[in-house]
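Sequential numbering of the sequence shown, starting at 31, is according to the working numbering.
The beta carbon of each residue, even a glycine, is placed where N, CA and C say it ideally should be.
In this text the structure is predicted, and so the values were computed from the model without any measurement.
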Amino acid sequence: MTTVAPAGTGVAGIGATARITAVPDGRGGTRLPVLESDGPFALRRTRGTGGYARVTVVGAMSAPLGGDRLAVEAGVRGGAALTVDSAAATVALPGRGGLPARYDVRLTAGADADLRWLPEPLISARGSDLRMTTRVELAASARLVLREEQILGRYGEEPGTLTTRLTVQRAGRPLLDQELSYGPGAPGGWDGGAVLGGHRATGQLLVVRPDFEDRKPESRLLGDNAVLTVLAGPAVLVTAVAADALRLRRVLDGALRTFG
Numbered sequence: 031m032t033t034v035a036p037a038g039t040g041v042a043g044i045g046a047t048a049r050i051t052a053v054p055d056g057r058g059g060t061r062l063p064v065l066e067s068d069g070p071f072a073l074r075r076t077r078g079t080g081g082y083a084r085v086t087v088v089g090a091m092s093a094p095l096g097g098d099r100l101a102v103e104a105g106v107r108g109g110a111a112l113t114v115d116s117a118a119a120t121v122a123l124p125g126r127g128g129l130p131a132r133y134d135v136r137l138t139a140g141a142d143a144d145l146r147w148l149p150e151p152l153i154s155a156r157g158s159d160l161r162m163t164t165r166v167e168l169a170a171s172a173r174l175v176l177r178e179e180q181i182l183g184r185y186g187e188e189p190g191t192l193t194t195r196l197t198v199q200r201a202g203r204p205l206l207d208q209e210l211s212y213g214p215g216a217p218g219g220w221d222g223g224a225v226l227g228g229h230r231a232t233g234q235l236l237v238v239r240p241d242f243e244d245r246k247p248e249s250r251l252l253g254d255n256a257v258l259t260v261l262a263g264p265a266v267l268v269t270a271v272a273a274d275a276l277r278l279r280r281v282l283d284g285a286l287r288t289f290g
């Protein structure tokens with residue numbers, strides 16, 4: 031349910047949570063008993079491929095704005111397969127009062143479940159301040175493909191402040207926990223040679239596959255500005271920077287075809 035902070039509370043913006051639940055349909059497919067849109071998130075079931083049900087997130091209004099508190103929850107029950115994507119990029123914008131916005135993504139996948147989280151990029155517009163967290167909980171036999179892309183500033187502008195944290199637990203144990211910060215509110219050096227090196231597009235692709243337990247790729251460079259890192263578990267992480275969103279997507283799509 032969407033909530034709006036009342037006048038005089040000192041808090042601007044809206045609170046909204048959209049929810050998706052995918053379960054096996056008993057015939058080798060997947061059904062969606064919960065598809066609950068809210069606030070700026072309009073959820074639409076679209077045509078899936080390869081046995082996956084597919085949900086596309088359509089933005090119903092400009093968001094997140096400063097002061098907003100937004101969340102998306104997606105749960106894939108044992109044996110179900112779900113792809114979640116989005117119709118357009120998400121643009122973080124400044125709001126009234128200079129308050130930060132929060133955007134929380136919570137994903138779960140049960141035994142033998144398969145989740146592909148493939149949204150369009152997040153754009154950090156000048157003057158915005160966004161704190162984004164993605165929390166994932168996987169059963170030991172679950173599969174996951176997760177893509178994140180951040181574009182720092184629209185064309186010709188400086189970025190806003192963006193802090194993202196990605197936490198993944200597999201079978202109750204930590205698999206990945208990382209936090210990244212960019213923009214004028216970030217610690218010094220975020221745009222230096224050790225981090226972005228002047229690039230304005232950055233992203234990652236996380237692939238978790240139980241069969242990596244026996245057959246895992248080797249860590250290596252993927253071109254000049256991307257690296258494949260093998261995690262302490264059946265998972266690999268591809269991290270890349272690029273001059274723009276198009277070049278970044280080409281790198282991550284190549285990795286997805288190879289490892290996803």
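Residue range of the alpha helix (DSSP H) that includes residue i
{"i": "G284", "result": "275-289"}
Residue of the options minimising C-alpha distance to residue i
{"i": "P250", "options": "V260, G140, E243", "result": "The question names Pro, but residue 250 in the sequence shown is Arg. With distances taken between Cα atoms, R250 lies closest to V260."}
{"i": "E103", "options": "G222, A141, Y133", "result": "Y133"}
{"i": "D62", "options": "A256, G43, T47, G78", "result": "Checking the sequence shown, residue 62 turns out to be Leu, not Asp. Per the Cα distances, G78."}
{"i": "S116", "options": "T47, L73, G58", "result": "L73"}
{"i": "G140", "options": "A131, L174, L148", "result": "L174"}
{"i": "A275", "options": "S154, T164, R245, V238", "result": "S154"}
{"i": "G108", "options": "G56, V135, D142, Y82", "result": "D142"}
Spatial distance of residue i from residue j (CA atoms)
{"i": "A93", "j": "A122", "result": "6 Å"}
{"i": "L226", "j": "T232", "result": "8 Å"}
{"i": "P151", "j": "L282", "result": "12 Å"}
{"i": "H229", "j": "L196", "result": "21 Å"}
{"i": "G190", "j": "T86", "result": "26 Å"}
{"i": "T51", "j": "R161", "result": "25 Å"}
{"i": "T163", "j": "L176", "result": "13 Å"}
{"i": "D241", "j": "G290", "result": "12 Å"}
{"i": "G291", "j": "V266", "result": "Outside the shown range of the chain, which is 31 to 290, sits residue 291, and nothing can be said about it."}
{"i": "A272", "j": "L182", "result": "11 Å"}
{"i": "L258", "j": "T269", "result": "7 Å"}
{"i": "V53", "j": "V64", "result": "9 Å"}
Local Cβ density within 10 Å of residue i, reported as buried at 16 or more and exposed below that
{"i": "Y185", "result": "exposed"}
{"i": "G213", "result": "buried"}
{"i": "R146", "result": "buried"}
{"i": "A118", "result": "exposed"}
{"i": "P264", "result": "buried"}
{"i": "Q180", "result": "buried"}
{"i": "E178", "result": "buried"}
{"i": "Q208", "result": "exposed"}
{"i": "R126", "result": "exposed"}
Delimiting residues of the beta strand (DSSP E) encompassing residue i
{"i": "L129", "result": "Unbroken run through L129: none, as it is neither H nor E."}
{"i": "Y185", "result": "Careful: Y185 lies outside any beta strand (DSSP E) and carries neither H nor E."}
{"i": "R49", "result": "44-54"}
{"i": "P204", "result": "203-212"}
{"i": "V166", "result": "159-168"}
{"i": "W220", "result": "Neither: W220 is in no beta strand (DSSP E) and is coded neither H nor E."}
{"i": "A83", "result": "83-89"}
{"i": "L145", "result": "144-148"}
{"i": "E103", "result": "99-106"}
{"i": "F71", "result": "71-76"}
Contact belief for residue i with residue j at Cβ below 8 Å, rounded distance in angstroms
{"i": "G45", "j": "R99", "result": "4 Å"}
{"i": "A285", "j": "L205", "result": "About 18 Å separates the two Cβ atoms, so there is no contact after all."}
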